[in-house]
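Chemist: Numbering (mature numbering (1 follows the signal peptide of the UniProt record, and there is no 0)), first residue to last: -22 to -1, 1 to 344. Dumping the structure here so I can ask a few things about it.
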Ligand SMILES: [Zn+2]
Ligand SMILES: [Zn+2]
């Protein structure tokens, strides 16, 4: 009897401790200097510049391996790591580089570290050892001029979970603990509307948190789901695939709500709406995409705003739910390349240069 009481009490305590009153700022100038950290969560990884296979006892490598494990690049069953750079780490770094359209050297070069230290979504890029991003696709040669061909890769969670066809009217609610101001609530409504515009889905706020399909909350640190938040920057938020519907944001971020970053900003400022639009993609069943312009790309530099759905996002969500009958957006300019992959179709987008360059060569040869 004591034990059965102990569990719910512990659960309640855990949530009352970790539930955060989040920091919202109407604009970048309103962030007090005391909340702007000198260093950010992953900046120490910059000391690993140039590290490669064969190096022994490199200070900080254990922490870096834990980072890669968190996002699925190293086997989740490993419980202890060494500071040695071995072939498993090299392979994991190559997978990361492929996913982020980088030259797959297996070394911690400048370009790779630049991506690694960026704030990002807490959802993994590799799930159960299978990457749904670039590295899980057909191998393709690395092209230094990636502007010629952009491969669009929207992805889904393993098994392609989605909300059932009979359930197009989804409800969402905010954790009562957070007591969010109205301007933040309307920011979420705007973000939901972006997905509603291109699908038959609707999103309606409800005050009944427990019965809502989508449950939104800001939390600090460990909040009971095994995915603790890490303070300013680092992981910003995470969301679960259908039909779980849980959407958690890091209460310790300096969330900016007006979306105006034109005049430069403190390194710690994060655009709330950009992150919300991304996480809603996960709530609907989308995984991470290797297309840098897409909403479902895993990282976002602080002080930037990205809220418009890209063709990649629209095609992905429409493959799951179909189109909104009233959606009259421009037709996606992506050309089907190959089919039959559970994680999403592949498309090749030839930019203007893809046509202009051969034309110039042709004229030159004439
Ligand atoms: Zn994500
Ligand atoms: Zn969580």
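Every residue gets a Cβ at the ideal spot worked out from N, C-alpha and C, and that includes glycine. Computed from a predicted model, the values in this text were never measured in an experiment.
From which residue to which residue does the beta strand (DSSP E) around residue 194 run?
Modeler: Unbroken beta strand (DSSP E) run through residue 194: 192 to 197.
Chemist: Please go through the same chain and pick out, in chain order, the residues whose beta-carbon is closer than 6 Å to the beta-carbon of residue 177, but skip the five residues on each side of it.
Modeler: These residues qualify, in order along the chain: 295, 299, 302.
Chemist: Within the present structure, is the beta-carbon of residue 276 separated from the nearest heavy atom of ligand 4 by less than 7 Å?
Modeler: Ligand 4 is not among the ligands present in this structure, which contains only ligand 1 and ligand 2.
Chemist: When the Cα atoms are used, what is the spatial distance from residue 250 to residue 237?
Modeler: In a straight line, the C-alpha of residue 250 is about 8 Å away from that of residue 237.
Chemist: Would you mind listing the alpha helix (DSSP H) stretches within the region 182 to 261 that are 4+ residues and don't spill past its ends, in chain order?
Modeler: As far as the region 182 to 261 is concerned, it has no whole alpha helix (DSSP H) run of at least 4 residues.
Chemist: Report yes if the C-beta of residue 131 is less than 7 Å from at least one heavy atom of ligand 1; otherwise report no.
Modeler: Residue 131: no, Cβ never under 7 Å from ligand 1.
Chemist: Let me have the residue list for ligand 2: C-beta closer than 5 Å to any non-hydrogen atom, ordered along the chain.
Modeler: So the residues near ligand 2 by this Cβ test are 203, 205, 226.
Chemist: To the nearest angstrom, how far is it from the Cα of residue 109 to the Cα of residue 197?
Modeler: When rounded, the distance between both Cα atoms is 28 Å.
Chemist: In terms of alpha-carbon separation, which member of 132, 107, 255 lies closest to residue 48?
Modeler: Among 132, 107, 255, the Cα nearest to that of residue 48 is on 107.
Chemist: Assign residue 269 to one of three DSSP states: helix, strand, or coil.
Modeler: Three-state DSSP puts residue 269 in coil, outside helix and strand.
Chemist: Helix, strand or coil: which one does DSSP assign to residue 104?
Modeler: Residue 104: strand per DSSP, three-state reduction.
Chemist: I need the straight-line Cα distance from residue 120 to residue 103, nearest angstrom please.
Modeler: Model confidence at residue 120 stands at a pLDDT of 40, short of 50, so the residue's coordinates are unreliable and nothing is read from them.
Chemist: Give the secondary structure of residue 144 by DSSP, where H, G and I count as helix, E and B as strand, and everything else as coil.
Modeler: Coil.
Chemist: Can you tell me the Cα-Cα spacing of residue 138 and residue 195, whole angstroms?
Modeler: Those two C-alpha atoms are separated by around 25 Å.
Chemist: Does the beta-carbon of residue 133 have 16 or more other beta-carbons within 10 angstroms, so that it is buried, or is it exposed?
Modeler: Counting Cβ neighbours within 10 Å, residue 133 comes out buried, since at least 16 surround it.
Chemist: Taking Cβ positions, are residue 131 and residue 156 nearer each other than 8 Å?
Modeler: No.
Chemist: Would you give the residue range spanned by the beta strand (DSSP E) that residue 3 belongs to?
Modeler: Counting along the chain, the beta strand (DSSP E) containing residue 3 begins and ends at 1 to 3.
Chemist: Could you give the first and the last residue of the continuous alpha helix (DSSP H) run that contains residue 47?
Modeler: Residue 47 -> alpha helix (DSSP H) spans 39 to 48.
Chemist: Based on Cα-Cα distance, which residue from 266, 8, 143, 240 lies nearest to residue 105?
Modeler: Nearest of 266, 8, 143, 240 to residue 105, Cα basis: 266.
Chemist: Which value, in whole angstroms, describes the spacing of the CA atoms of residue 186 and residue 148?
Modeler: About 13 Å.
Chemist: Who sits around ligand 1, taking every residue whose Cβ is closer than 5 Å to one of its heavy atoms?
Modeler: Listed along the chain, these residues meet the criterion: 99, 101.
Chemist: Could you compute how far the alpha carbon of residue 2 sits from the alpha carbon of residue 160?
Modeler: Using only the alpha carbons, I get a separation of about 12 Å.
Chemist: Do you know how far the Cα of residue 260 is from the Cα of residue 322?
Modeler: At residue 322, the pLDDT of 37 sits below 50, so the modelled position is not reliable; the number obtained from the coordinates is stated separately. Each residue's Cα considered, the two are about 14 Å apart.
Chemist: Among residues of its own chain, excluding the 5 on either side of residue 4, which ones have a beta-carbon nearer than 7 Å to its beta-carbon?
Modeler: Correct list, in chain order: 235, 236.
Chemist: Would you kindly report the start and end of the unbroken alpha helix (DSSP H) that includes residue 299?
Modeler: Here the alpha helix (DSSP H) through residue 299 covers 289 to 299.
Chemist: Taking the C-alpha atoms as reference points, what is the distance between residue 222 and residue 211?
Modeler: Those two C-alpha atoms are separated by around 25 Å.
Chemist: Under a Cβ-count criterion, where at least 16 other Cβ atoms within 10 Å of its own Cβ denotes burial, should residue 65 be classed as buried or exposed?
Modeler: By the neighbour-count rule (16 or more Cβ atoms within 10 Å), residue 65 is not buried but exposed.
Chemist: Please work out which residues of its chain come closer than 8 Å, Cβ to Cβ, to residue 101, disregarding the five sequence neighbours upstream and downstream, and give them in chain order.
Modeler: The answer, listed in chain order, is 216, 217, 260, 265, 266, 276.
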